[in-house]
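Peer 1:
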Amino acid sequence: MLHVDPSLRTVPALASAVAAGGDGTPPPFTVSAILTESTLNNWLAVMLVLVAGCYLYGVHRLRLRGDHWPVSRTVLFLGPGLGSIAAVTLTGLGAYDTTLLSVHMVQHMVLSMIAPIFLALGAPMTLALRTLPGVPRRRLLAILHSRVAKVVTYPLYAFAIFVINPFVLYFTDLYRLSLENAFAHEVVHAHFILTGCLFFWPLVGHDPLPGRWPYPARALLMVLSVPFHTVLGLTIMESTTLFGGDWYPSLGLDWSNPWSDQEVAGGILWAGGEFVSITMLAVLVVQWIRQSEREARRLDRELDRQEAREQQEQQEQREPQYRDRATAPAGEQAAETRSESAVEPATPA
1 MLHVDPSLRT VPALASAVAA GGDGTPPPFT VSAILTESTL NNWLAVMLVL
51 VAGCYLYGVH RLRLRGDHWP VSRTVLFLGP GLGSIAAVTL TGLGAYDTTL
101 LSVHMVQHMV LSMIAPIFLA LGAPMTLALR TLPGVPRRRL LAILHSRVAK
151 VVTYPLYAFA IFVINPFVLY FTDLYRLSLE NAFAHEVVHA HFILTGCLFF
201 WPLVGHDPLP GRWPYPARAL LMVLSVPFHT VLGLTIMEST TLFGGDWYPS
251 LGLDWSNPWS DQEVAGGILW AGGEFVSITM LAVLVVQWIR QSEREARRLD
301 RELDRQEARE QQEQQEQREP QYRDRATAPA GEQAAETRSE SAVEPATPA
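This is the structure:
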């Protein structure tokens, strides 16, 4: 196992729980503990407030201009998007994330598979492009369409990172390092969010990203990710070794069995991955149907415009004949009238 300098072994969440317990062990993990054993992560709280403030400011600027911004996007971005990140990091869940593997797995699911979906549905890049002034807007567009953006948002590349990274984390010493070192612990959280955004943004997001796949291919990619979470969840459940080594037994918790908790953690990853995948497929189907409806309306409008143009052309072709008749001398008009009458068939008596 990886050995870490003792000076780097700082776990603020666990320290807070130990202080609450008073006897050197954290109190039992209960619903009330989730609500009361909160952990105030200053940098994360500031970042969440800053991102929410920027988003709301952008919506406010659009409304001042009289432009429309869907309320649903704002609700999705702030509520289950940023709100779910806060719920698993700033509440009691964050205080127990180095105490119970099952709690850590809940964080894993939310940060990598739930929050990124709703952040993408909030379309923050589109909001920024509609509110930023000229130079910053052009720079953001250049970044979104850069070669680097095309690579990291390419669905197969993002898919590979999304499904491989959990295996690298849990089957190497990186997970133990994240338990022992507070900085590494926060890096893992940020990594969960980043990899989730890279995977889900091109699948369900509304922002202008290069190389976006058609909906059937997106749905297929989502289906292909299911076995990886199933395999990882079952492997954790049936493992004969504890993840994190002796970390969890060394905590001396008389109210939690590390082996039982590890089985719960594997079940959370397995069932959670299935649930999120099914939900994602439903979202993709709804988006696919709406796109088809928009495309049908666009074709109808195009056909209506084409029909209107044809009618206008026919009208313009007839107008010169009417003008010629109106400007012809009276004698010519009378002669033309007699000639037209002559070619008409006689009506039988």
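Numbers 1 to 349, taken from UniProt numbering, label the letters of the sequence shown in order.
Think of the CB as a built atom: it goes at the ideal place given N, C-alpha and C, for glycine as much as any other residue.
Small disclaimer: the values here were computed from a predicted structure and weren't measured.
Just to confirm, is the Cβ distance from T131 to L62 under 8 Å?
Peer 2: Indexing the sequence shown from 1 puts residue 131 at position 131. Indexing the sequence shown from 1 puts residue 62 at position 62. Contact flag set, yes.
Peer 1: If I measure Cβ to Cβ from R137 and keep anything under 7 Å in the same chain, skipping five residues before and after, which residues do I get?
Peer 2: Within the sequence shown, numbered from 1, the residue matching residue 137 stands at position 137. The residues are L129.
Peer 1: Say whether the region 239 to 249 touches the region 279 to 298, bearing in mind that this needs 3 or more beta-carbon pairs closer than 8 Å, one atom from each stretch.
Peer 2: At 8 Å Cβ cutoff, the stretches do not touch.
Peer 1: Within the same chain, show all residues whose beta-carbon is closer than 8 Å to that of V103, passing over the 5 residues directly before and after it, in chain order.
Peer 2: Residue mapping note: residue 103 aligns to position 103 of the sequence shown, counting from 1. Excluding positions up to five away in sequence, the list reads F29, L93, Y96 and D97.
Peer 1: Looking at the unbroken alpha helix (DSSP H) that takes in E37, where does it start and where does it end?
Peer 2: In the sequence shown, residue 37 corresponds to position 37, counting from 1. Neither: E37 is in no alpha helix (DSSP H) and is coded neither H nor E.
Peer 1: Thinking C-beta only, is L209 closer than 8 Å to W201?
Peer 2: Walking along the sequence shown from the start, residue 201 turns up at place 201. Walking along the sequence shown from the start, residue 209 turns up at place 209. Going by C-beta atoms, W201 is nearer than 8 Å to L209.
Peer 1: Quick one: Cα of M109 to Cα of V71, how far?
Peer 2: Along the sequence shown, one-based indexing puts residue 109 at 109. Along the sequence shown, one-based indexing puts residue 71 at 71. The straight-line gap from Cα to Cα measures roughly 26 Å.
Peer 1: Tell me which residue opens and which closes the alpha helix (DSSP H) that L141 is part of.
Peer 2: Indexing the sequence shown from 1 puts residue 141 at position 141. G134 to L144 is the span of the alpha helix (DSSP H), which, as asked, contains L141.
Peer 1: When we look at the beta-carbon of V59 and count the other beta-carbons within 10 Å, is it buried (16 or more) or exposed?
Peer 2: Against the sequence shown, residue 59 aligns to sequence position 59. Answer is buried; the Cβ neighbour count reaches 16.
Peer 1: Mapping DSSP to helix, strand and coil, what is A120?
Peer 2: In the sequence shown, the residue the question calls residue 120 occupies position 120. Three-state DSSP puts A120 in a helix.
Peer 1: Using a 10 Å radius around the Cβ and a threshold of 16 neighbouring Cβ atoms, would you call A296 buried or exposed?
Peer 2: As a position in the sequence shown, residue 296 is number 296, starting the count at 1. By the neighbour-count rule (16 or more Cβ atoms within 10 Å), A296 is not buried but exposed.
Peer 1: Which residues in the same chain have their Cβ closer than 7 Å to the Cβ of I34, if we skip the five residues on either side of it in sequence?
Peer 2: Along the sequence shown, one-based indexing puts residue 34 at 34. Here the set comprises T91, G92 and L93.
Peer 1: With a cut-off of 8 Å, do at least 3 Cβ pairs link the region 227 to 235 to the region 269 to 282?
Peer 2: Cβ pair count under 8 Å is three or more, so yes.
Peer 1: How should P214 be labelled, buried or exposed, when 16 other C-beta atoms within 10 angstroms of its C-beta is the threshold for buried?
Peer 2: Sequence index remark: in the sequence shown, residue 214 carries index 214 (1-based). With fewer than 16 Cβ atoms within 10 Å of its Cβ, P214 is classed as exposed.
Peer 1: What are the uninterrupted segments assigned as alpha helix (DSSP H) that are 4 or more residues long and contained completely in the region 199 to 245, given in chain order?
Peer 2: Correct list: 215 to 238.
Peer 1: The alpha helix (DSSP H) that contains F167, what's its start and end?
Peer 2: Here residue 167 is taken as the residue at index 167 of the sequence shown, counted from 1. Segment P155 to Y170, the alpha helix (DSSP H) holding F167.
Peer 1: Where does Y175 sit, in a helix, a strand or coil, going by DSSP?
Peer 2: Translated into the one-based positions of the sequence shown, residue 175 becomes position 175. Reduced to three states, the DSSP call for Y175 is helix.
Peer 1: Looking at A86: is its Cβ nearer than 8 Å to the Cβ of L48?
Peer 2: In the sequence shown, the residue the question calls residue 86 occupies position 86. In the sequence shown, the residue the question calls residue 48 occupies position 48. Yes, these two residues count as a Cβ contact at 8 Å.
Peer 1: Among G245, A282 and R298, which one has its Cα closest to the Cα of T172?
Peer 2: On the sequence shown, position 172 is the one that residue 172 refers to. Nearest option by C-alpha distance: G245.
Peer 1: Measure the C-alpha to C-alpha separation of I143 and G211 and round it to an integer number of angstroms.
Peer 2: Residue mapping note: residue 143 aligns to position 143 of the sequence shown, counting from 1. Residue mapping note: residue 211 aligns to position 211 of the sequence shown, counting from 1. The alpha-carbon atoms of I143 and G211 are separated by roughly 14 Å.
Peer 1: Compute the Euclidean distance between the alpha carbons of L174 and F159, then round it to the nearest angstrom.
Peer 2: In the sequence shown, the residue the question calls residue 174 occupies position 174. In the sequence shown, the residue the question calls residue 159 occupies position 159. Using only the alpha carbons, I get a separation of about 21 Å.
Peer 1: Taking the continuous alpha helix (DSSP H) assigned at W247, which residues delimit it?
Peer 2: Indexing the sequence shown from 1 puts residue 247 at position 247. Per DSSP, W247 belongs to the alpha helix (DSSP H) from W247 to S250.
Peer 1: Whole angstroms is fine: what's the gap from residue 408's alpha carbon to A123's?
Peer 2: There is simply no residue 408 to check, as the chain begins at 1 and stops at 349 in what is shown.
Peer 1: Starting from M108 and walking both ways along the alpha helix (DSSP H), at which residues does that stretch end?
Peer 2: Residue numbering aside, residue 108 sits at position 108 when the sequence shown is read from its first letter. It is worth fixing the name first, because residue 108 is His in this sequence and not Met. First-last of the alpha helix (DSSP H) with H108: L101 to M109.
Peer 1: Pull up the distance between the alpha-carbon of I166 and that of T74, whole angstroms please.
Peer 2: Here residue 166 is taken as the residue at index 166 of the sequence shown, counted from 1. Here residue 74 is taken as the residue at index 74 of the sequence shown, counted from 1. A small correction: the amino acid at residue 166 is Pro; Ile does not occupy that position in the sequence shown. Those two C-alpha atoms are separated by around 30 Å.
Peer 1: On the three-state DSSP scale, how would you describe L76?
Peer 2: Reading the sequence shown from its first residue, position 76 is the one you call residue 76. DSSP places L76 in helix when its eight states are reduced to three.
Peer 1: For I278, count the other beta carbons within 10 Å of its own beta carbon; 16 or more makes it buried, fewer makes it exposed. Which is it?
Peer 2: Start at 1 with the first residue of the sequence shown, and residue 278 comes out as number 278. Exposed, because fewer than 16 other Cβ atoms sit within 10 Å of the Cβ of I278.
Peer 1: Using only CA atoms, which one of H189, T99 and L64 lies nearest to E37?
Peer 2: As a position in the sequence shown, residue 37 is number 37, starting the count at 1. For E37, the nearest C-alpha among the options comes from T99.
Peer 1: Which of the three DSSP states, helix, strand or coil, is assigned to W69?
Peer 2: What you label residue 69 is simply residue 69 of the sequence shown in a count that begins at 1. Coil, per DSSP.
Peer 1: Could you check if Q262 is buried or exposed, using at least 16 other CB atoms within 10 Å of its CB as the buried criterion?
Peer 2: Counting from one through the sequence shown, the residue named residue 262 turns up at place 262. So Q262 counts as buried.
Peer 1: Using 8 Å for Cβ pairs, my map puts W247 next to R176. What's the rounded Cβ distance?
Peer 2: As a working mapping, residue 247 is identified with position 247 in the sequence shown. As a working mapping, residue 176 is identified with position 176 in the sequence shown. So it is a contact: roughly 6 Å between Cβ atoms.
Peer 1: Since V204 and V283 are thought to touch, with beta carbons under 8 Å apart, how far apart are those beta carbons, to the nearest angstrom?
Peer 2: In the sequence shown, residue 204 corresponds to position 204, counting from 1. In the sequence shown, residue 283 corresponds to position 283, counting from 1. Confirmed, about 5 Å.
Peer 1: Any idea if S260 is buried or exposed, counting beta-carbon neighbours within 10 angstroms, 16 or more meaning buried?
Peer 2: Residue 260 sits at position 260 when you count from the first residue of the sequence shown. The residue in question, S260, is exposed, as its Cβ has fewer than 16 Cβ neighbours within 10 Å.
Peer 1: Alpha carbon to alpha carbon, what distance is there between F77 and A111?
Peer 2: As a first step, residue 111 must be located in the sequence shown, where it is residue number 111. As a first step, residue 77 must be located in the sequence shown, where it is residue number 77. Before going on, a small fix: residue 111 reads as Leu here, not Ala. Rounded to whole angstroms, L111 to F77 spans 14 Å at the Cα level.
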